[in-house]
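Just add 600 to the spot in the sequence shown (first one is 1) and you have the working numbering. Right, one structure below, let's go through it.
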Amino acid sequence: MKTILMTGAAGRIGTFMRAELAGKYKLRLSDIKPVKDLKPGETFMRADISNLKDALRITKGVDAVVHFGGQSGEHDWEHILQANIIGFHNTLEAARRNGVKRFLVATSNHAVGFYPVTQTIDHRVYPKPDSRYGVSKVFNEALSSLYADRYGMEMFCMRIGNVNSAPIDRRRLAIWISARDMAQLVILGLERPKLHFEIVYGISDNARAWFDNTNAYRMGYQPRDRSETYAAEILQREGPPGNTPADIFQGGGHCMSEGGTRSRLAGEPAAAKRKVAKKPVKKRAATVRKKRTSR
601 MKTILMTGAA
611 GRIGTFMRAE
621 LAGKYKLRLS
631 DIKPVKDLKP
641 GETFMRADIS
651 NLKDALRITK
661 GVDAVVHFGG
671 QSGEHDWEHI
681 LQANIIGFHN
691 TLEAARRNGV
701 KRFLVATSNH
711 AVGFYPVTQT
721 IDHRVYPKPD
731 SRYGVSKVFN
741 EALSSLYADR
751 YGMEMFCMRI
761 GNVNSAPIDR
771 RRLAIWISAR
781 DMAQLVILGL
791 ERPKLHFEIV
801 YGISDNARAW
811 FDNTNAYRMG
821 YQPRDRSETY
831 AAEILQREGP
841 PGNTPADIFQ
851 GGGHCMSEGG
861 TRSRLAGEPA
871 AAKRKVAKKP
881 VKKRAATVRK
891 KRTSR
């Protein structure tokens, strides 16, 4: 039985996948937060992937990596840099040094979130990230391509929409993926022979999807669940879409600018931003006083 390292195992997607992959693989779970409810076939290794030594330790002796680790949504630049850029590089580089060839990447639809909801896109479109988080996922895909071509690693990038037991709103009717469909995609990425570098979308069989997932179907993906099952209830509950960026673009709320509807940086206290805004005013005033004194 293969030993699979799953980073970000304490998160929502990791929790779903632990249940779905149980008994199919030996799971080495890792996260910066503890995972206490270990099941048979699971072990846990705490790690901070922004530290290369930690990444080297957890990737040693595994057959493949399923990388769910990192920041799972928009945040300030420093947090994104440490968790999703440095942390991703460390994990991928550690896997390479430890001789692990197969590497699954949880990228995101936010790497292409500034395409309009009226357009259907496939895996070959030019990146259009909708946020700092989206930029980090573009980086993840680009670095994966480099490691496939330069080092011969086997990279499987999954642009995941929203993993949940059911879609919760209109937007997620397009991007939802059930836990069992997500597990099927992960198993496909782990088991498909002759893999080099692939990008697929992590969505179920959704009639309202914005993504042409032909590349996943070509590789054998056969989703069993459909968001349309929940459409009538959701559309009855919600009003028609508006004309804000969150309604117009596939990235939803990630497309809202800080200066508009989104009033502050994600994860930044409002009070902290007010202090930053006052500093330039005080500095200019001090400069004027200094000039007047020197005359």
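Note that beta-carbon positions come from the ideal geometry of N, C-alpha and C, so glycine has one too.
Residues bridged to residue i [DSSP beta-bridge criterion]
i: residue 757; result: 705, 799
i: residue 667; result: 607, 705
i: residue 631; result: 646
i: residue 777; result: 763
i: residue 811; result: 721
i: residue 716; result: 849
Residues near residue i by beta carbon distance below 6 Å, same chain, minus five either side
i: residue 807; result: 828
i: residue 741; result: 707, 757
i: residue 845; result: 855, 856
i: residue 805; result: 823, 826
i: residue 664; result: 604, 702, 790
i: residue 768; result: none
Residue burial classification, residue i (beta-carbon count within 10 angstroms, cutoff 16)
i: residue 744; result: buried
i: residue 766; result: exposed
i: residue 824; result: exposed
i: residue 843; result: exposed
i: residue 647; result: buried
i: residue 836; result: exposed
i: residue 634; result: exposed
i: residue 788; result: buried
i: residue 674; result: buried
i: residue 720; result: exposed
i: residue 637; result: exposed
i: residue 839; result: exposed
i: residue 737; result: buried
i: residue 715; result: buried
i: residue 677; result: exposed
For residue i, three-class secondary structure by DSSP
i: residue 742; result: helix
i: residue 726; result: coil
i: residue 863; result: The predicted model places residue 863 with a pLDDT of 32, which falls under 50 and marks its position as unreliable, so this point remains unresolved.
i: residue 541; result: No information on residue 541 is available, as it lies outside the stretch 601 to 895 that the chain covers here.
i: residue 626; result: strand
i: residue 791; result: helix
i: residue 601; result: coil
i: residue 638; result: coil
i: residue 662; result: coil
i: residue 734; result: helix
i: residue 749; result: helix
i: residue 685; result: helix
Nonlocal neighbours in the same chain, by C-beta distance under 8 Å from residue i, ignoring five residues either side
i: residue 639; result: 618, 622
i: residue 748; result: 754, 755, 796, 797
i: residue 545; result: Examination of residue 545 is not possible in this model, given that the chain is present from 601 through 895 alone.
Beta-carbon contacts of residue i that lie in its chain and below 7 Å, excluding the five residues immediately before and after
i: residue 694; result: 652, 655, 656, 659
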